[in-house]
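Just below is one structure, and these are the notes that go with it.
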Amino acid sequence: MRADYPPNVKLIRVPCTGRVDTVHLIKAFEEGVDGVYVAGCLEGECHYLVGNLRAKKRVQYVKEILAKIGINPERLQMYNLSAAMGSRFVEIAREMTEKVRELGPSPVKTGSGREV
Amino acid sequence: MIVAEQKPLEEILEMIKDYEKIILVGCKGCVAVCAAGGEKEVQFLASAIRTARKAEGRDIEIREVTLERQCDPEYVEQIRGFVGEYQAILSIACGVGVQYMAEHYPRIPALPGLNTFFMGGAEEQGIWSERCQGCGQCVLHLTGGICPITRCSKSLLNGPCGGSTNGKCEINPEVPCGWQLIIDRLKALGEFPKRYLENNPPKDWSTSRDGGPRKIIREDLRR
Amino acid sequence: MNTESRLEKVLRAGHFAVTSECGPPRGADPEAIRRKGELLKGVVDAVNVTDCQTSVVRMSSLSSCLILKEMGFDPILQMVTRDRNRIAIQSDILGAAALGINNILCLSGDHQRFGDHPQAKNVYDLDSIQLIMTVKKMRDEGKFLSGEELTKPPRLFIGAAANPFADPFEIRALRLAKKVAAGAQFIQTQCIYNLKRFEEWMKQVVDMGLHEKVYILAGVTPMKSVGMARYMQKMVPGMDVPEEIITRLKGVPKEKQPEEGIKICIETIQRLKEMEGIRGVHIMAIEWEEKVREIAEGAGLLPRPDV
Chain A
5 MRADYPPNVK
15 LIRVPCTGRV
25 DTVHLIKAFE
35 EGVDGVYVAG
45 CLEGECHYLV
55 GNLRAKKRVQ
65 YVKEILAKIG
75 INPERLQMYN
85 LSAAMGSRFV
95 EIAREMTEKV
105 RELGPSPVKT
115 GSGREV
Chain B
89 MIVAEQKPLE
99 EILEMIKDYE
109 KIILVGCKGC
119 VAVCAAGGEK
129 EVQFLASAIR
139 TARKAEGRDI
149 EIREVTLERQ
159 CDPEYVEQIR
169 GFVGEYQAIL
179 SIACGVGVQY
189 MAEHYPRIPA
199 LPGLNTFFMG
209 GAEEQGIWSE
219 RCQGCGQCVL
229 HLTGGICPIT
239 RCSKSLLNGP
249 CGGSTNGKCE
259 INPEVPCGWQ
269 LIIDRLKALG
279 EFPKRYLENN
289 PPKDWSTSRD
299 GGPRKIIRED
309 LRR
Chain C
25 MNTESRLEKV
35 LRAGHFAVTS
45 ECGPPRGADP
55 EAIRRKGELL
65 KGVVDAVNVT
75 DCQTSVVRMS
85 SLSSCLILKE
95 MGFDPILQMV
105 TRDRNRIAIQ
115 SDILGAAALG
125 INNILCLSGD
135 HQRFGDHPQA
145 KNVYDLDSIQ
155 LIMTVKKMRD
165 EGKFLSGEEL
175 TKPPRLFIGA
185 AANPFADPFE
195 IRALRLAKKV
205 AAGAQFIQTQ
215 CIYNLKRFEE
225 WMKQVVDMGL
235 HEKVYILAGV
245 TPMKSVGMAR
255 YMQKMVPGMD
265 VPEEIITRLK
275 GVPKEKQPEE
285 GIKICIETIQ
295 RLKEMEGIRG
305 VHIMAIEWEE
315 KVREIAEGAG
325 LLPRPDV
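Chains A, B and C supply the protein sequences, listed in that same order.
For the first sequence, the working numbering begins at 5 and goes up steadily by one.
For the second sequence, the working numbering begins at 89 and goes up steadily by one.
For the third sequence, the working numbering begins at 25 and goes up steadily by one.
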């Protein structure tokens with residue numbers, strides 16, 4: 005489709021979002037990443053049946069942990085879209101970039117203490 | 089198996105707040121099965137603690153170790169070579185493991201990362217419930233294989249009480265009435281009402297926790 | 025074995041017995057019990073004192089029983105097994121008998137989850153049936169649970185509770201049989217609103233011949249309002265309040281509801297008097313003790329007989 009999405013978004017490909025573990029998500033924040041989003045298939049259309057539903061629960065769990073640590077849970081999101089939805093893909097990338105930009109750098113980078 | 093749950097993260101962070109160098113020890117036994125203190129949980133917790141510290145502008149060094157079990161001296165000894173380098177041991181084994189750490193390494197604070205709850209099993213993935221209270225005098229053959237001490241909220245031996253409602257316990261509609269389960273089971277076994285009508289005498293609690301800390305010795309297995 | 029219990033004498037003489045109950049205060053004030061006692065003078069053959077009902081801390085049943093005894097009543101000591109182990113239980117049984125208390129009602133007790141101290145340890149060393157067995161052993165064999173002899177047996181008339189409205193329904197008569205086998209001599213039931221279900225239970229009880237082995241006193245409680253009826257219907261485990269009762273109460277204006285509630289209670293007692301196996305009534309007018317006299321009068325139960 006050759007559409008542009010913001011260059012600060014780093015893609016990590018997995019065969020199914022069910023492969024994403026809570027450890028991957030928390031470690032990303034430990035490294036100082038400002039935002040993470042998990043993009044999976046539309047609910048009900050997971051090629052592996054329920055992988056995206058498992059991812060949803062794991063994202064929710066880590067959001068709660070982030071809140072306890074004092075990191076804004078909005079920095080972690082789950083999105084659902086199909087492989088054919090190119091423009092939606094771009095939209096999400098832009099939306100998330102905007103959100104994280106507004107929130108500023110992660111407290112892990114700045115060491116400035118709780119933001120929530 | 090022993091079923092435990094991780095303490096709330098804020099409680100753990102509070103416990104370790106004065107330390108900069110700790111060893112986080114998990115266990116591949118019961119707590120790995122109930123996803124509270126196994127290798128995966130060690131990785132996640134270590135990362136969460138480091139993230140929390142960095143966000144505060146502080147640092148922490150966490151050595152991550154997962155032992156086969158924390159309730160056997162031979163495994164607990166495996167960290168002797170380097171445990172002395174750390175200010176505290178954060179154990180995410182059950183209460184037994186934490187105590188073994190304290191016993192083997194008395195000069196290093198042993199902190200519990202979990203709340204240990206009960207002896208039980210999995211009902212389905214993600215749900216574990218209590219089955220045994222360790223009373224030391226099992227009478228499951230008299231109650232259709234269902235424990236009245238554990239599954240009745242009042243540990244009645246001649247239940248149910250008058251609060252049983254629709255097969256649920258009065259204290260919580262999600263808790264099945266232990267005696268309803270026993271009665272159903274006795275029926276399925278053809279022991280109802282005969283077994284039910286027999287009055288069970290008072291229990292001898294001296295073999296349970298009430299009698300004092302317990303020990304089992306097998307002379308035939310000792311060296 | 026006969027005791028000094030007035031309740032036992034009334035029942036043995038074949039009269040329809042009347043009992044009621046007093047809830048002790050949440051403080052050290054003996055007057056609170058005396059005031060309730062005054063309302064029941066001449067109305068009852070015996071009066072229960074509850075034992076930290078719903079696990080809420082109140083003045084002890086034993087001490088309240090003594091206060092009522094001093095007023096001339098024949099108190100029934102309610103004892104739950106939730107809070108005491110067998111050592112304290114046997115000790116209190118001896119104490120009650122020594123103080124001249126003649127009746128004991130043996131209960132397991134509501135779980136502490138319901139009360140004001142849910143963090144408390146619960147005891148339940150014995151259950152209600154084992155408690156009955158204990159009192160009987162002390163009284164008839166002169167022995168403690170340990171098998172050792174005691175010096176002077178406590179002479180207590182032994183009672184227990186029955187709840188025909190708890191689940192599972194099919195075992196409720198069997199459970200009564202267990203209590204009778206353990207030594208229960210009189211029974212007080214949970215308060216009755218669903219007469220049909222109660223009759224079914226009584227039929228099972230009579231079929232098993234239990235009504236001839238134990239004196240059954242049927243429990244009744246007057247409804248003060250639609251709100252109270254709804255609360256009891258929805259929030260109290262082991263309570264069966266049919267919709268007809270609520271409909272009937274709704275049919276009268278709010279200020280007339282208490283009167284209607286008393287009427288329903290009196291009608292219930294009259295139905296119960298006619299039932300085979302019912303040897304008395306236990307009127308529980310919680311925080312409405314002043315109405316017990318009116319109910320007893322309305323049901324033709326006064327004056328109480330001389331025994």
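Virtual Cβ for every residue (Gly too), placed ideally from N, Cα, C.
Should residue i be labelled buried (16 or more other beta-carbon atoms within 10 Å of its own) or exposed?
i        : result
B/Arg297 : exposed
B/Ile305 : exposed
C/Leu64  : buried
C/Thr175 : exposed
B/Gly38  : There is no way to answer for residue 38 of chain B, as the model of chain B reaches only from 89 to 311.
C/Cys76  : buried
B/Phe132 : buried
C/Asp149 : buried
A/Asp8   : exposed
B/Pro194 : exposed
A/Pro2   : Outside the modelled stretch of chain A, which goes from 5 to 120, sits residue 2 of chain A, for which no answer is possible.
C/Ala112 : exposed
B/Gly201 : buried
Could you tell me which residues DSSP pairs with residue i in its beta bridges?
i        : result
C/Pro99  : C/Val71
C/Ile310 : In DSSP, C/Ile310 forms no bridge with anything.
C/Pro329 : Its beta-bridge partners do not exist; DSSP assigns none.
B/Leu97  : Paired residues: none, contrary to the question.
B/Glu218 : B/Gly208
C/Phe210 : C/Gly183, C/Tyr239
A/Tyr41  : A/Gln81
B/Lys39  : Within the shown structure, residues of chain B are numbered from 89 to 311, placing residue 39 of chain B beyond reach of any answer.
B/Val113 : B/Val153, B/Ser179
C/Cys215 : C/Gly243
C/Ile302 : C/Ile240
B/Ala198 : B/Ile177
Helix, strand or coil: which one does DSSP assign to residue i?
i        : result
C/Cys130 : strand
B/Val153 : strand
A/Pro10  : coil
B/Val91  : strand
C/Ala13  : With chain C covering only 25 through 331, there is no way to say anything about residue 13 of chain C.
A/Ser91  : helix
B/Asn203 : strand
C/Ala41  : strand
A/Val126 : Nothing about residue 126 of chain A can be reported from this structure: the residues present for chain A run from 5 to 120 only.
C/Gly61  : helix
C/Cys89  : helix
C/Cys46  : strand
C/Lys167 : strand
C/Glu283 : helix
B/Val164 : helix
C/Ala340 : Examination of residue 340 of chain C is not possible in this model, given that chain C is present from 25 through 331 alone.
B/Glu191 : helix
A/Ala71  : helix
C/Glu172 : coil
C/Val104 : strand
Round the Cβ separation of residue i and residue j to the nearest angstrom and send it over; I've been treating them as touching at under 8 Å.
i        : j        : result
B/Lys291 : B/Leu228 : B/Lys291 to B/Leu228, Cβ: 13 Å. No contact.
C/Pro178 : B/Gly251 : 29 Å between Cβ atoms; not a contact.
B/Ser135 : A/Glu34  : 5 Å
C/Leu273 : C/Glu291 : Going by Cβ atoms, the distance from C/Leu273 to C/Glu291 rounds to 13 Å, so no, they are not a contact pair.
A/Thr21  : A/Gly55  : 6 Å
C/Ile288 : C/Ile269 : 7 Å
For residue i, which residues from the same chain have a beta carbon less than 6 Å from its beta carbon, with the 5 sequence-adjacent residues on both sides left out?
i        : result
C/Leu325 : Val42
B/Met89  : Cys118, Val121
If you drop the 5 nearest sequence neighbours on each side, which residues of the same chain put their C-beta closer than 7 Å to that of residue i?
i        : result
C/Phe97  : Gly61, Val71
C/Gln136 : Ser79, Arg106, Pro142, Ala144, Asn146
B/Gly203 : The sequence given here places Asn at residue 203 of chain B; Gly does not occur at that position. Contacts found: Ala92, Glu93, Lys95.
B/Arg273 : Gly232, Gly233, Ile234
C/Val204 : Leu234, Lys237, Val238
Tell me which residues share the same chain as residue i and place their Cβ nearer than 8 Å to its Cβ, disregarding the 5 neighbours each side in the sequence.
i        : result
C/Val159 : Ile117, Ile128, Cys130, Pro178, Leu180, Ile182, Gly207
B/Ser312 : Limits of chain B in this structure are 89 at one end and 311 at the other, which puts residue 312 of chain B out of reach.
B/Leu277 : Gly232
C/Ala120 : Leu86, Cys89, Leu101, Ile128, Pro178, Leu180
C/Val81  : Arg50, Gly139, Asp140, His141
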